[in-house]
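Numbering (the numbering used here), first residue to last: 2 to 114.
C-beta: ideal position from N, C-alpha, C; glycine also.
Fair warning: this is a prediction, and the values are worked out from it, not measured in the lab.
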Amino acid sequence: MRAKKLLLRCYAEHDGNLWVAFCLDFSLGCQGDSFEEVRTKLDAQIRDYVSDALCGEDRQHADYLLTRRAPLSYWLRYWVIRLQSAVATRLHANRSQSSRPFKEPLPLIPASC
Numbered sequence: 002m003r004a005k006k007l008l009l010r011c012y013a014e015h016d017g018n019l020w021v022a023f024c025l026d027f028s029l030g031c032q033g034d035s036f037e038e039v040r041t042k043l044d045a046q047i048r049d050y051v052s053d054a055l056c057g058e059d060r061q062h063a064d065y066l067l068t069r070r071a072p073l074s075y076w077l078r079y080w081v082i083r084l085q086s087a088v089a090t091r092l093h094a095n096r097s098q099s100s101r102p103f104k105e106p107l108p109l110i111p112a113s114c
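Set out below in structure tokens:
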């Protein structure tokens, strides 16, 4: 498997008083008070999701669950945020942005599950 396939595309953005984060490759989302909180929550959610799909009661639906993608509007938002982040980095802008793209490694589960 290619290394790029092991990275999940995610983004987080500040929405009012909350931060919201989305994993586009599995169509998952969460919210919290800070970027670090939503990133931690999303990481835990991804781990549970993959574990359930591969080893849990949803194992029979793993093929569908592991290829479920977010709607196009979320993907467009992700690419806009990536572009804004790249431009801000090039211009050495302040890193306290209200939205940030990031990649999460796909949690690997041993074959003995």
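If you reduce the DSSP assignment to three classes, tell me which class residue 27 lands in. Position 26 of the sequence shown, counted from the start, is the residue given in the question as residue 27. Looking at residue 27 - three-state DSSP - the assignment turns out to be coil, as it is neither helix nor strand.
Work out the CA separation of residue 99 and residue 19 for me, nearest whole Å. In the sequence shown, residue 19 corresponds to position 18, counting from 1. In the sequence shown, residue 99 corresponds to position 98, counting from 1. If you take the alpha carbons of residue 19 and residue 99, they lie about 11 Å apart.
Close beta carbons around residue 71, own chain, < 6 Å, minus the five adjacent residues each side: On the sequence shown, position 70 is the one that residue 71 refers to. Around residue 71, the same chain offers 25, 28 as residues with beta carbons nearer than 6 Å, after the five sequence neighbours per side are excluded.
In this structure, does DSSP put residue 105 in helix, strand or coil? Taking the first residue of the sequence shown as position 1, residue 105 is located at position 104. Strand at residue 105.
With distances taken Cα to Cα, identify the nearest neighbour of residue 66 among 76, 55, 73, 75. Numbered from its first residue, the sequence shown carries residue 66 at position 65. Out of 76, 55, 73, 75, the CA that lies nearest to the CA of residue 66 is found in 55.
CB-CB under 7 Å to residue 7, same chain, minus the five flanking residues each way: which ones, in chain order? For the purposes of this step, residue 7 is identified with residue 6 of the sequence shown, where counting begins at 1. The answer, listed in chain order, is 106, 107.
Can you tell me which of 76, 89, 63 puts its alpha carbon nearest to the alpha carbon of residue 49? By one-based count along the sequence shown, residue 49 stands at place 48. Comparing alpha carbon positions, the residue from 76, 89, 63 closest to residue 49 is 63.
Compare the beta carbon distance of residue 39 and residue 13 with 8 Å and say whether it is the shorter of the two. Looking up residue 39 in the sequence shown gives position 38. Looking up residue 13 in the sequence shown gives position 12. It is a contact, given that the beta carbons lie within the stated cut-off.
What are the boundary residues of the beta strand (DSSP E) that residue 59 is part of? In the sequence shown, counting from the first residue as 1, residue 59 sits at position 58. Segment: none, residue 59 is in no beta strand (DSSP E) and carries neither H nor E.
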